[in-house]
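In this note's numbering, the protein residues as written are 107 to 178. Cβ atoms here follow ideal geometry from the backbone N, Cα and C, with glycine treated the same way. Here the structure comes first, spelled out in C-alpha cells, and everything after it is commentary.
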C-alpha cells in the first residue's frame with residue numbers, strides 16, 4: 107500500500123528511548139531521515155503500523171509472570 111512519506115530530522119539527538127523508537131520506525135520502512143534533498147512528491151510502501159496486538163501480548167505476559175490472570 108502506498109503511504110505518504112514521513113521524514114525525520116534530528117532523531118540522532120534523541121534520548122535512548124526516542125532513538126529506539128525512531129530506529130524501529132525506520133527499520134520498518136515507515137520513516138526516512140530528512141536530508142533536505144528529498145522529492146516530497148515521492149511515496150513509498152510499508153506495512154500498516156498497528157502494534158496493539160503485540161502490546162497486549164506483552165502486557166498479558168508481564169501480568170502472568172506476576173501471577174495475575176485476565177479473564178476473557
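- Where residue 141 and residue 116 are concerned, what is the direct C-alpha to C-alpha distance, given to the nearest angstrom? Between residue 141 and residue 116, the C-alpha separation is close to 10 Å.
- Nearest-angstrom beta carbon gap, residue 176 and residue 166 [assumed within contact, 8 Å]: The distance from the Cβ of residue 166 to that of residue 176 is about 6 Å, consistent with a contact at the 8 Å cut-off.
- Do you know offhand how far residue 121's Cα is from residue 160's? Answer to the nearest angstrom: the Cα atoms are 23 Å apart.
- Item | residue 126 versus residue 136 - alpha carbon distance | Taking the straight line joining both Cα atoms gives about 14 Å.
- Message: Considering only the alpha carbon of each residue, which of 128, 112, 111 and 157 lies closest to residue 118?
- Response: The option with the nearest alpha carbon to residue 118 is 128.
- Kindly identify the DSSP beta-bridge partner or partners of residue 114. Per DSSP, 139.
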